[in-house]
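Worksheet: one structure, shown below.
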Amino acid sequence: MRRLKSALATAVLAPTVLALLPATSATAAAAPNVPFGSHTFPYAAGTLRPSGAQATIDQQVIDKYNAWKSAFLKQNCGNGWYQVISPDADHPYVAEGQGYGMVITALMAGADANAKTAFDGLVKYMLAHPSVNNANLLAAEQDASCKSVNGSDSATDGDLDVAYGLLLADRQWGSTGTYDYKDLAVRHINAIKASEINPTTHLTRLGDWSGSGDSLYYVTRSSDWMIDHFRAFRTATGDSAWDTIRTAHQNLITSQQSTYASGTGLLADFVVNTNTTPKPAAGQVLESPNDGDYGWNACRDPWRIGADAVTSGDPASLASARKLNSWIRTKTGGNAGSVVTGYHLNGSAFDTGKDMAFTAPFAVTAMTDPNSQAWLDALWGKLVSTPIDSSLYYGSSVQLQSMIVVSGNYWLP
Numbered sequence: 204m205r206r207l208k209s210a211l212a213t214a215v216l217a218p219t220v221l222a223l224l225p226a227t228s229a230t231a232a233a234a235p236n237v238p239f240g241s242h243t244f245p246y247a248a249g250t251l252r253p254s255g256a257q258a259t260i261d262q263q264v265i266d267k268y269n270a271w272k273s274a275f276l277k278q279n280c281g282n283g284w285y286q287v288i289s290p291d292a293d294h295p296y297v298a299e300g301q302g303y304g305m306v307i308t309a310l311m312a313g314a315d316a317n318a319k320t321a322f323d324g325l326v327k328y329m330l331a332h333p334s335v336n337n338a339n340l341l342a343a344e345q346d347a348s349c350k351s352v353n354g355s356d357s358a359t360d361g362d363l364d365v366a367y368g369l370l371l372a373d374r375q376w377g378s379t380g381t382y383d384y385k386d387l388a389v390r391h392i393n394a395i396k397a398s399e400i401n402p403t404t405h406l407t408r409l410g411d412w413s414g415s416g417d418s419l420y421y422v423t424r425s426s427d428w429m430i431d432h433f434r435a436f437r438t439a440t441g442d443s444a445w446d447t448i449r450t451a452h453q454n455l456i457t458s459q460q461s462t463y464a465s466g467t468g469l470l471a472d473f474v475v476n477t478n479t480t481p482k483p484a485a486g487q488v489l490e491s492p493n494d495g496d497y498g499w500n501a502c503r504d505p506w507r508i509g510a511d512a513v514t515s516g517d518p519a520s521l522a523s524a525r526k527l528n529s530w531i532r533t534k535t536g537g538n539a540g541s542v543v544t545g546y547h548l549n550g551s552a553f554d555t556g557k558d559m560a561f562t563a564p565f566a567v568t569a570m571t572d573p574n575s576q577a578w579l580d581a582l583w584g585k586l587v588s589t590p591i592d593s594s595l596y597y598g599s600s601v602q603l604q605s606m607i608v609v610s611g612n613y614w615l616p
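Here it is in structure tokens:
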């Protein structure tokens with residue numbers, strides 16, 4: 204997603220705060236099939252959980268969700284829309300945030316009686332802001348008036364989560380209500396394949412604006428490599444191309460780790476030359492001089508890779524997650540408060556800031572190592588004790604979603 208660093212917040216807007224409203228009768232009638240806290244879908248054998256009572260852990264996530272919702276889930280532009288606001292991004296509303304909102308509200312159904320109402324408002328917003336290049340994708344950025352700007356094209360990470368959120372909603376509430384979630388999901392998935400997957404490499408493109416002949420056509424962003432999403436898309440569509448896409452990304456993760464970060468497992472924000480010899484970007488290709496380092500995009504990778512590892516038990520994802528966990532546990536000496544906002548692939552830090560976007564994802568990879576219980580507990584304690592910062596949508600959203608996974612409340616539709 205094209206954004207400013209979350210630590211460099213732009214002018215803070217003054218949105219109306221969305222109250223936690225009581226459920227309407229229609230919402231109450233639509234009880235979720237997988238209510239938060241039901242732990243219906245077990246994780247892979249051997250996966251760790253934070254120490255303590257499960258009910259306490261679940262409540263800690265609910266508390267964090269309520270704070271996140273109050274800070275970022277808004278109804279600022281009328282029309283029955285809900286939007287996730289991003290005061291620290293380069294625009295007030297970004298596709299990435301709307302995708303986060305859809306996934307989060309679908310997963311928190313049962314803990315939030317208003318979840319379906321909010322989800323449907325996010326769907327309505329999404330449908331009202333199509334990409335100019337493919338109407339079944341979401342335009343990446345909107346201004347304070349919720350008008351699409353900066354070309355009205357798409358961003359792959361946002362679309363991946365939108366499609367995944369729609370599949371979660373179909374499983375939660377069925378598709379016979381206001382929106383046919385399953386049909387919308389399949390349309391979105393097929394549009395992602397057509398406009399955001401490189402047909403030669405089977406890897407994610409940066410957005411539907413990065414077409415053949417574009418200088419960035421063979422550049423991919425590591426935080427878009429959402430292996431569990433590709434599994435869900437295969438199941439939803441029956442399209443075996445998603446097996447090919449998933450395998451291509453897993454192979455790239457493995458090769459990038461072994462070739463460029465054998466001692467750390469870290470991945471670069473951006474990988475170039477994907478049609479020949481993929482390698483980390485050398486300097487700025489899209490966002491910053493650190494595009495070839497583990498920065499504000501790749502910081503999400505431990506969460507994304509770890510989420511697939513714990514839900515699927517896939518050996519490749521487990522190996523990749525464990526490399527990351529082993530390095531960061533050693534790097535920090537087990538101190539969850541010492542993770543910083545940027546590392547070179549060799550593990551040396553290039554920044555000294557602190558942000559939940561970098562700390563929280565490592566809690567997910569910690570779950571994959573049977574010897575990391577104390578480390579996982581330290582990270583969990585850090586996540587629980589760090590309040591939601593209403594000026595930092597990005598780190599707060601990654602924090603909450605990592606907590607959902609670590610608490611055992613994440614699942615594949």
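Residue 329 in my numbering is what sits at position 126 of the sequence shown, and the numbering runs on without skipping anything. Virtual Cβ for every residue (Gly too), placed ideally from N, Cα, C.
**Study point:** Option in Gly611, Pro616, Tyr596, Ser610 with minimal Cα separation from Tyr303
**Key:** Ranking the options by Cα distance to Tyr303, first place goes to Tyr596.
**Study point:** Candidates Gly550, Gly313, Gly495, Ala292, of which the one nearest Thr423 by Cα
**Key:** With distances taken between Cα atoms, Thr423 lies closest to Gly495.
Review point. If you check the beta carbons only, do Ala560 and Trp499 fall under 9 Å apart?
Key: Closer than 9 Å, so yes.
Check your understanding: Just the Cα atoms here: how many angstroms apart are Ala338 and Ser425?
Key -> Between Ala338 and Ser425, the alpha-carbon positions lie close to 25 Å from each other.
Check your understanding: Would the stretch 255-262 and the stretch 279-297 be scored as touching if the rule is three or more Cβ pairs under 8 Å?
Key -> When Cβ pairs closer than 8 Å are counted between the two stretches, the stretch 255-262 is seen not to touch the stretch 279-297, the count staying below three.
Review point. Under a three-way DSSP split, which group does Ala248 fall into?
Key: Taken through DSSP and simplified to helix, strand or coil, Ala248 comes out as coil.
Exercise for review: Pick out whichever of Gly410, Phe553, Asp411, Ser523 has its Cα sitting closest to the Cα of Ser491.
Suggested key: The residue with the shortest Cα to Cα distance from Ser491 is Phe553.
Practice item. Determine the closest residue to Gln345 out of Asp293, Ile395, Arg390, with distance taken between C-alpha atoms. Key: Nearest of Asp293, Ile395, Arg390 to Gln345, Cα basis: Asp293.
Practice item. Sort Ala485, Gly324, Pro616, Tyr268 by Cα distance to Arg437 and report the nearest one. Key: Nearest option by C-alpha distance: Pro616.
Practice item. Kindly indicate the opening and closing residues of the beta strand (DSSP E) around Val422. Key: No beta strand (DSSP E) contains Val422, which DSSP labels as neither H nor E.
Exercise for review: Could you give the DSSP three-state label for Phe239: helix, strand or coil?
Suggested key: Coil.
Practice item. Verify the CB distance criterion: does Gln487 have a CB-CB separation below 9 Å to chain C? Key: Judged by its chain identifiers, the structure shown contains no chain C, having just a single protein chain.
Review point. Three or more beta-carbon pairs under 8 Å between the stretch 299-318 and the stretch 262-277, yes or no?
Key: Put simply, the stretch 299-318 touches the stretch 262-277. At least three CB pairs are less than 8 Å apart.
Check your understanding: Apart from the five residues on each side of it in sequence, which residues of its chain come closer than 8 Å, Cβ to Cβ, to Ser357?
Key -> Its chain contains Ala298, Ser334, Asn336, Asn337, Leu340, Leu341, Ala342, Ala343, Ser398, Glu399, Gly410, Asp411, Trp412 as the residues whose beta carbon lies nearer than 8 Å to that of Ser357, once the 5 sequence neighbours on both sides are disregarded; these appear in chain order.
Point to revise | Continuous alpha helix (DSSP H) stretch holding Val474: start and end | key: Note, Val474: premise wrong, no alpha helix (DSSP H); beta strand (DSSP E) at 473-475.
Check your understanding: Okay, do the stretch 347-367 and the stretch 603-611 touch, 3+ Cβ pairs below 8 Å being the bar?
Key -> Proximity of the stretch 347-367 to the stretch 603-611 falls short of the contact definition, fewer than three beta-carbon pairs being nearer than 8 Å.
Point to revise | Candidates Gly556, Tyr613, Pro573, of which the one nearest Gly598 by Cα | key: Of the listed residues, the one whose Cα sits closest to Gly598 is Gly556.
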